[in-house]
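Visitor:
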Amino acid sequence: MTKKNVMPVVVLSSIALVVAAVLAVVNMICAPIIEKAENEAVAKSLREVLPWIELSEDPTVPDGAPETVNAVYKDANNKGYVVTLTTKGYAGDIDITVGIDENGKVVKALVTKESESHGKPGMDSYTDNFAGLDSDGVLNCELFSGATVTSTAIRGAIYDALVAVGAADKVEEGEGETLPRTDEELLNLAGELVSENSGFTSVSVEGADPSLKRVFKEKSGLGAAIYIVTYTQYNPKESEILLHIAPDGKIVSAKLLSASVGGGLIAPDQSFIDKFVGKDYESIDDVELISSVTYTSENIRKCIKSAVEFVVPPLPRTDGELLNLGSELVGGGTLTNITPETTEDFVKRIYSVDKGGYVVYIVTKTEYNPLESEIMLYLSGSLKIEKAKLLSASVGGGLAAPDQSFIDKFVGKDKNSASAVELVSSVTYTSANMKLGIVNAISDVEKVMVLPDTARIVGISVLAVCLVAAVIGRAVYVRRRRV
Amino acid sequence: MMKEKRLTVFLKGLILENPVLVLILGTCPTLAQTGSMINALSMGLAATVVLVCSNSAISALRRIIPDTVRIPCYIVIIAAFVTVVQLLLQAFLPSIYEMMGVYLALIVVNCIILGRAEMFARKHGVLDSAVDGLGMGLGFLLALFAMAFIREIFGAGTFFGLKIPFLYDYRIPFLVAPPGGFLVFGILIAVIDALGVRRGKEKRKEFSCEGCPSRAVCNKTFCNENIELVNEDEQTPLNKSDALNSEKKEGGK
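As you go down the protein sequences, you meet chains A and B in turn.
Per numbering that gives the first Met the number 0, the first sequence starts with residue 0, numbered consecutively.
Per numbering that gives the first Met the number 0, the second sequence starts with residue 0, numbered consecutively.
Rendered as structure tokens:
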């Protein structure tokens, strides 16, 4: 081994050792400061739900905590906890953070991430209902009409947070209702009924009509398979029906799995169930009952209607009415329905107008559920509100609802300036929802219209810039050649 | 005299041999971190600190580091300084640390730093190398800031995050996107070129064949790209015959 071969190794190793030592010293100085800053960053995010929390230890997941619990952060002064959870909603996972004080009461709950479909409640305002509640209060908190699945999931998660910190007893799963068929059988039948499906996820039916026993949501957006068990003419005789309901609320297919009436009567057969195929919420009542078994057939019809309502909550007006109202608002014109599959809160229908612009139909929740307000907007191509009409408004509780003068404040505004419109002080919840609905309407139209117009503008800009760049480049090149 | 020489070294890095717009080095962070002026300033300052420190350290160790392992040694030294800057930013300026993301660590492989170490620091004294590092770093910072100025003001309609009333409504989002970044970069290079900054000083590659990545496939004994030779300062760079002689000498060892 010559000096020539050894020296490079020695030098490189020495430099590496010196560098390691220097970095170790710097790390020793910086590590405590970094750890403190990171803890402070986590604590800052947790203070949104528990303002006084101080962290001194890593989060834990207590033994026996519900599956939804991700982490429990304990306050260093034993004045409460913050629990982070993930639960299943209607359209996907919902992340929730719950602050709980030392007395086992909810301080605040926040939904930090969700992807629920239209018809869902304003998340922040729903979780506000849990502030100050203990375990009994949480269990008895009302669900949100029109979004029972989502609100059930949120309520369940908040209760799980209380269980995780020992402020509530775990609700033992009971024996459960005994159904005529197992879940496995039902999933197989659903697979046969919904052709070309990509599998199903089970959706909670808590709060739904008692006849809805199972709801299986198809994963690729084909809708849902719903299993109904209805009582027939003579209790406890049952009929079982499996429905495939599309995302637009129409019944795609229906199968009568079993029917019995008793009393020597002939039960409804598949031909009766087939009459519901192609129907939606409004037209289900057109199906004639079977005269010999009116109780059973009426029950079946009612349960099928509840199933459709569960999958796609109906609008206050028909599509035909909305098209007429929209045409009237824009002063005559043809409207085309361009509503995407998912829309923001309160936005129900989006129509493009043949002479330019867009009409949007909004339904908002008011101060007292389930009362609703309806607004129709006419947006120009540059997304300014040209016209706005309050179709109906109700608040309840003896309060005066916002009137057309509130909606008129939005005329001429774009998304940013609409967000700055002042609320009506006596009905802040209702007016806030209306404002949110209007802002969301502009956002949704922006998404729907973005491709054609923006692509055109970007394309022309790129072309123009390339042309200019080419001219400058050519001039520089020619000048250099001359030199 | 020495002061004038150092001033020349400093000014070269700033304008005449601007690493981004003239030498076209460090384009990756240039394009990635010029979407906003705050990002550009942070990246520029971090790179300047690393450049000054690494140039000084490499210059101090230039007589000790053998030629055969000089690149690994330079990288270890540069990586050390980048790690120190990372730790200090994470501890004292966490918001800047978060904003820079992965590009802070990527300063290690920034061509400007390794390039200046190879081209200047290993042949000059500590103070000269530090001044060169400062000049190059500030030149990098200036170029980044110029790009970020155009992209943020006309692309996002903001100035250091604050909305500019008229421009915000008529902003061109394309400029903030990667293709727009390339376009602004190209236009700036063209402008610098048109101003005559790059003209007339064709530089010769100043590393030996030993350090050349194309050595295995190149059959030449010297590098004949950019063969217009200039006398820089008091240095006489290699000419053709010197290159041939040095090859012969190395062959004879």
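For each residue, glycine too, the CB sits at the ideal point set by N, CA and C.
The beta strand (DSSP E) with residue 239 of chain A in it runs from where to where?
Guide: For the purposes of this step, residue 239 of chain A is taken as residue 240 along the first sequence, with counting starting at 1. 237-244 is the extent of the beta strand (DSSP E) around residue 239 of chain A.
Visitor: Between residue 305 of chain A and the rest of its own chain, which residues show a CB-CB distance below 6 Å, the 5 nearest in sequence each way excluded?
Guide: Here residue 305 of chain A refers to the residue found at position 306 when the first sequence is read from its first residue. Hits under 6 Å: 208.
Visitor: Assuming residue 144 of chain B is part of the alpha helix (DSSP H), what are its boundary residues?
Guide: Counted from its first residue, the second sequence places residue 144 of chain B at position 145. Its alpha helix (DSSP H) spans residues 125-149.
Visitor: Residues in its own chain within less than 6 Å of residue 198 of chain A by CB, not counting five upstream and five downstream?
Guide: By 1-based counting over the first sequence, the position of residue 198 of chain A is 199. Around residue 198 of chain A: 218.
Visitor: Can you give, in chain order, each stretch of the alpha helix (DSSP H) that sits fully within the segment 331-418 of chain A and has at least 4 residues?
Guide: Runs found: 403-407, 414-418.
Visitor: Three or more C-beta pairs closer than 8 Å, one from the segment 93-101 of chain B and one from the segment 62-70 of chain B: is that the case here?
Guide: The answer is no - the segment 62-70 of chain B does not touch the segment 93-101 of chain B, with fewer than three Cβ pairs under 8 Å.
Visitor: Measure from the alpha carbon of residue 124 of chain A to the alpha carbon of each residue in A/108, A/406, A/139, then state which is nearest.
Guide: Counting from one through the first sequence, the residue named residue 124 of chain A turns up at place 125. Looking at the Cα atoms, A/108 is the closest of the given residues.
Visitor: Mind listing the chain B neighbours of residue 459 of chain A? Cutoff is C-beta to C-beta under 9 Å, in chain order.
Guide: Walking along the first sequence from the start, residue 459 of chain A turns up at place 460. Residues of chain B passing the Cβ test: none, with the nearest at roughly 11 Å.
Visitor: Please work out which residues of its chain come closer than 7 Å, Cβ to Cβ, to residue 101 of chain A, disregarding the five sequence neighbours upstream and downstream, and give them in chain order.
Guide: In the first sequence, counting from the first residue as 1, residue 101 of chain A sits at position 102. Only 77, 78, 79 meet the Cβ criterion.
Visitor: Count the other CB atoms within 10 Å of the CB of residue 479 of chain A; is the residue buried (16 or more) or exposed (fewer)?
Guide: On the first sequence, residue 479 of chain A is found 480 positions in, with the first residue counted as 1. Exposed: under 16 other Cβ atoms inside 10 Å.
Visitor: What are the partner residues of residue 230 of chain A, as DSSP defines its beta bridges?
Guide: Residue mapping note: residue 230 of chain A aligns to position 231 of the first sequence, counting from 1. A/237, per the DSSP bridge assignment.
Visitor: Could you say which of A/475, A/9, A/477, A/468 lies nearest to residue 184 of chain B if we only look at CA atoms?
Guide: Position 185 of the second sequence, counted from the start, is the residue given in the question as residue 184 of chain B. For the residues A/475, A/9, A/477, A/468, the minimum Cα distance to residue 184 of chain B belongs to A/468.
Visitor: Count the other CB atoms within 10 Å of the CB of residue 476 of chain A; is the residue buried (16 or more) or exposed (fewer)?
Guide: The residue given as residue 476 of chain A occupies position 477 in the first sequence. With fewer than 16 Cβ atoms within 10 Å of its Cβ, residue 476 of chain A is classed as exposed.
Visitor: Any chance the segment 271-281 of chain A sits against the segment 326-342 of chain A, with 3 or more Cβ pairs inside 8 Å?
Guide: Not touching, per the Cβ criterion.
Visitor: Since residue 496 of chain A meets chain B, which of its residues come closer than 8 Å, beta carbon to beta carbon?
Guide: Outside the displayed range of chain A (0 to 482) lies residue 496 of chain A, so it cannot be described from this structure.
Visitor: Nearest to residue 255 of chain A by CA position, among A/267, A/245, A/7, A/244, is which residue?
Guide: If you number the first sequence from 1, residue 255 of chain A lands on position 256. Here the closest residue by C-alpha is A/267.
Visitor: Which one or two residues does DSSP pair with residue 161 of chain B in a beta bridge?
Guide: Position 162 of the second sequence, counted from the start, is the residue given in the question as residue 161 of chain B. Paired residues: B/158.
Visitor: For the pair the segment 103-118 of chain B and the segment 144-162 of chain B, tell me if three or more CB-CB distances fall below 8 Å.
Guide: In short, these stretches do not touch, since the Cβ pair count stays below three.
Visitor: Show which residues of chain A have a CB atom less than 7 Å away from the CB atom of residue 217 of chain B.
Guide: As a first step, residue 217 of chain B must be located in the second sequence, where it is residue number 218. The premise fails here: residue 217 of chain B is roughly 24 Å from chain A at the closest Cβ pair, so nothing lies under 7 Å.
Visitor: How many angstroms separate the CA atom of residue 237 of chain A from the CA atom of residue 298 of chain A?
Guide: Locating residue 237 of chain A in the first sequence gives position 238, counting from the first residue. Locating residue 298 of chain A in the first sequence gives position 299, counting from the first residue. Rounded to whole angstroms, residue 237 of chain A to residue 298 of chain A spans 11 Å at the Cα level.
Visitor: Who are the Cβ neighbours of residue 353 of chain A in its own chain at under 7 Å, not counting the five residues just before and after it?
Guide: Within the first sequence, numbered from 1, the residue matching residue 353 of chain A stands at position 354. Same-chain partners within the cutoff: 332, 333.
Visitor: Quick check on residue 214 of chain B: does DSSP put it in helix, strand or coil?
Guide: Here residue 214 of chain B refers to the residue found at position 215 when the second sequence is read from its first residue. Correct three-state label for residue 214 of chain B: coil.
Visitor: Along the chain, where does the beta strand (DSSP E) containing residue 215 of chain A start, and where does it finish?
Guide: Reading the first sequence from its first residue, position 216 is the one you call residue 215 of chain A. Segment 211-217, the beta strand (DSSP E) holding residue 215 of chain A.
Visitor: Based on the DSSP secondary-structure assignment, which residues constitute the bridge partners of residue 84 of chain A?
Guide: The residue given as residue 84 of chain A occupies position 85 in the first sequence. Answer is A/68, A/95, bridged to residue 84 of chain A.
Visitor: Let me see if you follow: with CB-CB separation under 8 Å, is residue 165 of chain B close to chain A or not?
Guide: Start at 1 with the first residue of the second sequence, and residue 165 of chain B comes out as number 166. It does not: the Cβ of residue 165 of chain B has no partner Cβ on chain A nearer than 8 Å.
Visitor: Going by other Cβ atoms of all chains shown within 10 Å of its Cβ, with 16 needed for buried, is residue 67 of chain A buried or exposed?
Guide: Along the first sequence, read from residue 1 onward, the residue named residue 67 of chain A stands at position 68. Buried, because 16 or more other Cβ atoms sit within 10 Å of the Cβ of residue 67 of chain A.
Visitor: Measure the C-alpha to C-alpha separation of residue 123 of chain B and residue 116 of chain B and round it to an integer number of angstroms.
Guide: For the purposes of this step, residue 123 of chain B is taken as residue 124 along the second sequence, with counting starting at 1. For the purposes of this step, residue 116 of chain B is taken as residue 117 along the second sequence, with counting starting at 1. Approximately 10 Å, taken between the alpha carbons.
Visitor: Tell me which residues of the segment 97-125 of chain B have at least one Cβ-Cβ distance to chain A shorter than 7 Å, keeping chain order.
Guide: Flagged: no residues at all.
Visitor: Nearest-angstrom Cα distance between residue 168 of chain A and residue 162 of chain A?
Guide: Here residue 168 of chain A is taken as the residue at index 169 of the first sequence, counted from 1. Here residue 162 of chain A is taken as the residue at index 163 of the first sequence, counted from 1. In a straight line, the C-alpha of residue 168 of chain A is about 6 Å away from that of residue 162 of chain A.
Visitor: Among the residues of its own chain, which have a CB less than 7 Å from the CB of residue 219 of chain B, if the five just before and after it don't count?
Guide: For this step, residue 219 of chain B is matched to residue 220 along the second sequence. If we look at residue 219 of chain B and ignore the five residues flanking it on each side, it has no Cβ neighbours.
Visitor: Exposed or buried, residue 214 of chain B, counting other C-beta atoms within 10 Å across all chains shown (16 or more means buried)?
Guide: As a working note, residue 214 of chain B is residue 215 in the second sequence. By the 10 Å Cβ count, residue 214 of chain B comes out exposed.
Visitor: Closest Cβ-Cβ distance between residue 14 of chain A and chain B: below 8 Å?
Guide: Position 15 of the first sequence, counted from the start, is the residue given in the question as residue 14 of chain A. Judged by the 8 Å Cβ criterion, residue 14 of chain A is in contact with chain B.
Visitor: Would you mind working out which of A/270, A/225, A/285, A/292 sits nearest residue 263 of chain A, comparing C-alpha positions?
Guide: Position 264 of the first sequence, counted from the first residue, corresponds to residue 263 of chain A. Among A/270, A/225, A/285, A/292, the Cα nearest to that of residue 263 of chain A is on A/292.
Visitor: Beta-carbon of residue 76 of chain B versus every beta-carbon of chain A: anything under 8 Å?
Guide: On the second sequence, residue 76 of chain B is found 77 positions in, with the first residue counted as 1. Yes, residue 76 of chain B lies at the interface with chain A (some Cβ there is under 8 Å from its Cβ).
Visitor: Does the CB of residue 22 of chain A have a neighbour CB from chain B at under 8 Å?
Guide: The residue given as residue 22 of chain A occupies position 23 in the first sequence. Chain B contact via Cβ: present.
Visitor: Can you give me the C-alpha to C-alpha distance between residue 69 of chain A and residue 131 of chain A, rounded to a whole angstrom?
Guide: The residue you call residue 69 of chain A lines up with position 70 of the first sequence. The residue you call residue 131 of chain A lines up with position 132 of the first sequence. When rounded, the distance between both Cα atoms is 23 Å.
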